[in-house]
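Numbering (the working numbering), first residue to last: 205 to 319.
Below is one structure, written out as structure tokens; comments come after it.
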Amino acid sequence: HLQASGGGLVQAGGSLRLSCAASGIIVRINALGWFRQAPGKERELVTGIGSESFTNYADSVKGRFTISRDNAKNTVFLQMNSLKPEDTGVYYCAVIRTGRAYDYWGQGTQVTVSS
């Protein structure tokens, strides 16, 4: 189970920190990621972190977003800075349990960035 939280309404240029608390999934040994879905658009991968702490980011968020994890809390975080209206959407955390593709998503949290 993955539970995302921390979304909200923020002005452009502001920051938010999302959390994804995992249960039944060990974040230390699994690859996890954050996806987002804007209204009328497909879900897209924003960032991911592997078991070796290798990270990747979509070009649109590089330099602004940072993914991290706290193994003791079994939680993954997404620090979002310099937010833009185009960052608006529902943010989901996901995990790769088997194979090489994300195969489980938790409930999302809404992020709204006003101009």
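Beta carbons: idealized from backbone N, C-alpha and C, even for Gly.
DSSP places Thr-251 in the uninterrupted beta strand (DSSP E) bounded by 248-253.
Going by DSSP, Gly-293 is part of the beta strand (DSSP E) stretching over 293-300.
For the pair Phe-258 and Leu-222, the CB atoms are not nearer than the 8 Å cut-off. Inclusion of Val-317 and Arg-240 in the CB contact set at 8 Å is not warranted, their separation being larger than that value.
Our two residues, Ser-272 and Ser-286, have alpha carbons roughly 18 Å apart in a direct line. For Tyr-261, the uninterrupted beta strand (DSSP E) segment begins and ends at 259-261. Residue pairing by DSSP places Tyr-306 in no beta bridge whatsoever. The C-beta separation of Gly-312 from Ala-208 comes to about 6 Å, placing the pair in contact by the 8 Å criterion.
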